Every structure is written in C-alpha cells, then in structure tokens.
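Read the structure below first, then the notes.
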C-alpha cells in the first residue's frame, strides 16, 4: 500500500458535460449553488458553463451523474445545500460528516434533472494555488 503525502485536485478532468431537458431550471440551480462556492457561471446560446462543468440543452440527456464540488469549509457546504434547495434542488443528504474518511464533510442535492450534486470539504488543508489558470499561447 502506498502512503500518500500529497495529492492533486484539478488535473484529471478537462470538462464534464451534462445534456439536460430544462436548461433554464438547471441554470437557476447551478447559478445559485455555484455562487456560494465562488465559481462564476458564463451563459451562451443554448448552454452555460462554470469552470470544467458545461451544461447544454438537448436530447438525449446524459442521464444520472454524480458530481462533487470542492468547498473550502463546512460552513460553505451548509450554505451550498441551502442555496441549492432554494433554487429548485431536492435534498439527497443533509450537511454532515460522512464515514468515507476522517474529516469528510458533505451535503448532497438532486438538481432539476435528477443528478446527484455534492459539495464536500475534506478538513483543513493548504492549497498550493487557488486554481490552475490557463491562457492561450499567442
């Protein structure tokens, strides 16, 4: 068994796309939930995106997915849960500690399309950078 002394976030996923029936309801839901996490949502014609998450209208839909968003602390997880419920989400697990590993504090909501959306913090940790910033090479 390998002992981990450091780990990485934000280097494996380029983007995740959800194809949904009700783009407007999803825009309200994700706009409210991601605002709490400090992640801006950008609107386009027939789609919106927020960092690696891309949501568009269409058929067939992608079906059910589980997405876990990073939160900096337990209070943000609680605020995420409340905002998501107020924006049309359905409770799928109130904020609290989970037994996945020590310090795993999460909340779960179902978005308007039935996707299981989680906000999680893994306890106190220091980031090397707030995010990976990419720019075009010109």
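Residue numbers (the UniProt record's numbering): 1 to 138.
Glycine included, C-beta positions come from ideal geometry on N, C-alpha and C.
Keep in mind that this is a model prediction, so the values were computed, not measured.
What does the Cβ neighbour count give for residue i, buried or exposed, with the cut at 16 atoms within 10 Å?
i: residue 23; result: buried
i: residue 76; result: buried
Check residue i in the structure and name its three-state DSSP category.
i: residue 19; result: strand
i: residue 76; result: helix
i: residue 178; result: Limits of the chain in this structure are 1 at one end and 138 at the other, which puts residue 178 out of reach.
i: residue 37; result: coil
Name the DSSP bridge partner or partners of residue i?
i: residue 66; result: 116
i: residue 54; result: 17, 49
i: residue 29; result: Residue 29 is not bridged to any residue.
Which stretch, first to last residue, makes up the beta strand (DSSP E) that contains residue i?
i: residue 105; result: 105 to 110
i: residue 130; result: Counting along the chain, residue 130 falls outside any beta strand (DSSP E), and DSSP gives it neither H nor E.
Contact the region 45 to 59 vs the region 90 to 101: 3+ CB pairs below 8 Å: no
Examine the Cβ distances between the region 48 to 63 and the region 80 to 95 and report whether three or more of them are shorter than 8 Å. no
With contact counted as at least three CB pairs below 8 Å, one residue from each stretch, are the region 108 to 127 and the region 16 to 33 in contact? yes
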